[in-house]
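Engineer:
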Amino acid sequence: MAQDHEHGHEHDHGHDHAHQPHPFQPDLEETPLTHYQVMTQAVGDLLIEKGIFSADELRAMLEAIDAKSPAAGARVVARAWTDDGYKARLLEDVNKAAAELGIDAGGIPIRAVENTESVHNVIVCTLCSCYPRLLIGLPPDWYKSRAYRSRTVREPRAVLAEFGTVIPDDVELRVHDSTADLRYLVLPLRPAGTEGWSEEELAGLVTRDCMIGVTLPKSPHY
Amino acid sequence: MSKETKGGSGSAHRLLRRHHDMGGLPAGPVEPTEHDYAPWEKRVDAIMRLLGDGKRRLITTDELRRCIEELGPGAYDEMSYYERWIASITNNLLEKGVITVDELGRRMAQIGEAWPAGAEARDAKLAERKP
Amino acid sequence: MSARFAVGADVRVRAAFPPGHVRTPFFVRGKTGRVTQVLGPYRNPEALAYGRSGEPAQPLYRVVFETAALWDDYRGAPHDSTVVDLYENWLEQA
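Residue numbers (numbering that gives the first Met the number 0), protein chains in the order written: chain A, 0 to 221; chain B, 0 to 130; chain C, 0 to 93.
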């Protein structure tokens with residue numbers, strides 16, 4: 000799938016009131032704006048002028064988007080690895096459990112699915128690209144790609160092998176297609192050889208990809 | 000129509016499967032591509048989150064998805080992820096009368112005119128500005 | 000919430016192929032699975048997508064399918080599974 004990303008210039012005019020629109024002044028270094036970049040600029044500006052939202056709200060939302068990263072997911076996973084009670088609460092309700100750690104995972108319900116010695120989970124959204132963004136940030140391109148969305152339900156082991164992950168045949172590979180309002184997060188198995196590790200050290204082993212399920216957490220062995 | 004449909008290549012059901020509904024279709028390797036989201040892409044995402052929040056409830060996730068699906072099959076080959084989003088958001092806003100086609104067109108022309116797309120026009124402008 | 004199906008129920012996904020916004024993937028239409036969780040109620044996305052209320056809200060089911068039964072040519076393990084979240088209006092007694 001063609002991904003032609005020309006980098007548009009972010010522009011918040013900083014006015015909350017309706018005003019005469021001033022001409023958009025991009026830097027000379029910018030490549031020409033695409034039709035959709037122009038559309039994005041125009042729509043945002045019009046919505047601000049109409050009072051649908053303010054420039055400040057838009058700015059704050061951009062900052063909120065940037066603030067989300069897989070680190071938040073790594074924290075809840077590390078806590079679950081060290082605290083059985085927390086793990087049980089996490090499996091019940093990720094949003095609530097995240098809030099215990101001061102993480103705002105938003106209003107859309109997120110469910111954790113637990114990897115065990117006998118089950119390995121992997122998440123996909125075949126219909127669009129649903130993803131627990133409000134906990135772990137924006138998804139990678141490949142998660143949204145035609146190849147991932149088409150093949151993960153049909154040949155999950157082959158897809159995982161492309162990520163370097165081979166799940167033994169005696170382990171059940173369970174694919175979750177996020178078709179409705181719930182988002183899914185894989186709770187990976189705690190790697191062996193991490194006895195006595197601090198939560199912070201454990202969180203360092205938890206990658207975005209192992210919370211999607213295409214990989215295992217990092218190994219503790221250097 | 001048989002009750003138990005087998006998931007083969009789907010050729011017999013080509014017309015029954017909508018183009019966005021791609022689970023199980025053949026595809027090439029998963030290219031592990033990533034990119035840092037461009038500011039305009041995050042702007043699209045931010046706009047959607049604001050439009051859908053409790054204060055506004057102007058566009059639901061369902062409406063966003065539905066309009067993306069209605070962009071047609073070419074959208075998946077010709078448009079990037081956030082291009083599909085802004086196209087859908089815009090169609091939704093037009094349908095709901097939040098913005099009009101006229102004002103959007105005028106504003107886009109204004110923004111577009113300030114920086115015309117096309118390498119030739121850009122190079123000409125660059126040449127103009129050189130001392 | 001009164002749910003038509005209980006955890007453990009065998010359910011079949013209706014083999015209907017309407018145009019329009021549907022959150023039941025093509026690959027499970029006509030397939031039989033088992034309910035593992037009953038969730039909701041949730042408003043109907045098929046109505047929400049067209050600006051309507053989506054009410055009455057209905058149960059949502061996590062349905063597990065044997066992956067080998069979904070595909071003619073599945074080459075994974077026989078006990079691999081696929082779980083899909085499905086709205087009640089798409090399910091019938093198997």
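Where is the CB? At the ideal position from N, CA and C, for every residue including glycine.
As the structure is a computational prediction, the values presented were derived from the model and not from experiment.
1. Hey, quick one: how far does the beta strand (DSSP E) through residue 230 of chain A stretch, first residue to last?
2. Anything in the stretch 141-157 of chain A with a Cβ closer than 9 Å to a Cβ of chain C? List those residues in chain order, please.
3. Going straight from the alpha carbon of residue 199 of chain A to that of residue 27 of chain C, what length do you get?
4. Under three-state DSSP, which class holds residue 183 of chain A?
5. With a threshold of 8 Å between beta carbons, is residue 171 of chain A in contact with chain C?
6. May I ask whether a heavy atom of the ligand MG can be found less than 7 Å away from the beta carbon of residue 98 of chain A?
7. Does chain C have any CB closer than 8 Å to the CB of residue 20 of chain B?
8. Answer with yes or no whether the minimum CB distance from residue 20 of chain A to chain C is below 8 Å.
9. Tell me, please, whether the CB atom of residue 24 of chain C is closer than 8 Å to any CB atom in chain B?
10. Going along chain B in order, which residues have a C-beta closer than 7 Å to the C-beta of residue 139 of chain A?
11. Taking all protein chains shown into account, do 16 or more other C-beta atoms lie within 10 angstroms of the C-beta of residue 22 of chain A, making it buried, or fewer, making it exposed?
12. Can you list, in chain order, the residues of its chain with a C-beta nearer than 8 Å to that of residue 59 of chain B? Leave out the 5 residues immediately preceding and following it.
13. What does residue 176 of chain A touch in chain C if you count any residue whose Cβ is under 9 Å from its own?
14. Select from the stretch 53-67 of chain B all residues with a C-beta closer than 7 Å to any C-beta belonging to chain C, and list them in chain order.
15. List the whole-angstrom C-beta distance separating residue 174 of chain A from residue 205 of chain A, where the pair is believed to meet the contact cut-off of C-beta under 8 Å.
16. Around the Cβ of residue 90 of chain C, are there at least 16 other Cβ atoms within 10 angstroms (buried) or fewer (exposed)?
17. Should residue 109 of chain B be flagged as near chain C, meaning a C-beta pair shorter than 8 Å?
18. Starting from residue 47 of chain A, trace the alpha helix (DSSP H) both ways and give me its first and last residue.
19. Can you pull the chain C neighbours of residue 15 of chain B, defined as C-beta to C-beta under 9 Å?
20. Can you check whether the C-beta of residue 127 of chain A is within less than 8 Å of a C-beta belonging to chain B?
21. 8 Å is my cut-off, CB to CB: does residue 60 of chain A come that close to chain B?
22. Within a Cβ cutoff of 7 Å, which residues of the same chain sit near residue 91 of chain A, ignoring the five residues on either side of it in sequence?
23. Indicate whether residue 81 of chain C and residue 176 of chain A have their beta-carbon atoms separated by less than 8 Å.
24. What's the call for residue 88 of chain C, buried or exposed, on a 16-neighbour Cβ count within 10 Å?
25. Taking CB distances under 8 Å as the criterion, tell me whether residue 7 of chain B reaches chain C.
26. In the DSSP assignment, find the unbroken beta strand (DSSP E) run with residue 28 of chain B in it and report its ends.
27. From the beta carbon of residue 101 of chain B, is the nearest beta carbon of chain A less than 8 Å away?
28. Assess contact between the stretch 129-136 of chain A and the stretch 54-70 of chain A, defined as three or more Cβ pairs (one per stretch) separated by less than 8 Å. Is contact present?
Structural biologist: This is what the structure holds:
1. Lying outside 0 to 221, the shown extent of chain A, residue 230 of chain A is not represented and no answer is given.
2. Taking 9 Å as the Cβ-Cβ cut-off against chain C, the residues of the stretch 141-157 of chain A that qualify are 152, 153, 154, 155, 156 and 157.
3. Each residue's alpha carbon lies about 41 Å from the other.
4. DSSP places residue 183 of chain A within a strand segment (E or B) once states are collapsed to three.
5. Chain C, which has a Cβ nearer than 8 Å to the Cβ of residue 171 of chain A, makes this yes.
6. In the structure on display, the ligand MG does not appear, and there are no ligands present to speak of.
7. Taking Cβ atoms only, chain C reaches closer than 8 Å to residue 20 of chain B, which makes this a yes.
8. Because the pLDDT of residue 20 of chain A is 45, which lies under 50, any placement of that residue in the model is unreliable, and the question is left without a value.
9. Yes, its Cβ sits closer than 8 Å to a Cβ of chain B.
10. Annotation: Cβ neighbours of residue 139 of chain A in chain B (cutoff 7 Å, chain order): 33.
11. Below a pLDDT of 50, predicted positions are generally treated as unreliable, and residue 22 of chain A, at 47, falls in that range; no measurement from the model is reported.
12. So the qualifying residues of the chain are 51.
13. Neighbourhood of residue 176 of chain A in chain C, by CB distance below 9 Å: 24, 26, 27, 81, 82, 83 and 84, in chain order.
14. Result list: 59, 61, 62, 64 and 65.
15. Going by Cβ atoms, the distance from residue 174 of chain A to residue 205 of chain A rounds to 21 Å, so no, they are not a contact pair.
16. Of the other Cβ atoms in all chains shown, 16 or more fall within 10 Å of the Cβ of residue 90 of chain C; this residue is therefore buried.
17. Using a Cβ-Cβ cut-off of 8 Å, residue 109 of chain B does not count as an interface residue toward chain C, since no Cβ of chain C sits closer than that to its own.
18. Element bounds for residue 47 of chain A: 34-48.
19. Per Cβ cutoff of 9 Å: 16, 25 and 28.
20. Residue 127 of chain A counts as touching chain B.
21. Yes, contact with chain B.
22. When the five nearest sequence neighbours on each side are left out, no beta carbon in the same chain lies closer than 7 Å to the beta carbon of residue 91 of chain A.
23. Yes; because the gap between Cβ atoms is below 8 Å, this pair is in contact.
24. In summary, residue 88 of chain C is exposed, with fewer than 16 beta-carbon neighbours lying within 10 Å of its beta-carbon over all protein chains present.
25. For residue 7 of chain B, the predicted model reports a pLDDT of 49, less than 50, meaning its position is unreliable; a value from the coordinates is still stated below. Output row for residue 7 of chain B: interface = yes.
26. Membership of residue 28 of chain B in any beta strand (DSSP E) is not indicated, and neither H nor E is assigned to it by DSSP.
27. Under the Cβ distance rule, residue 101 of chain B does not count among the residues neighbouring chain A, no pair being separated by less than 8 Å.
28. The stretch 54-70 of chain A and the stretch 129-136 of chain A touch, with three or more beta-carbon pairs separated by less than 8 Å.
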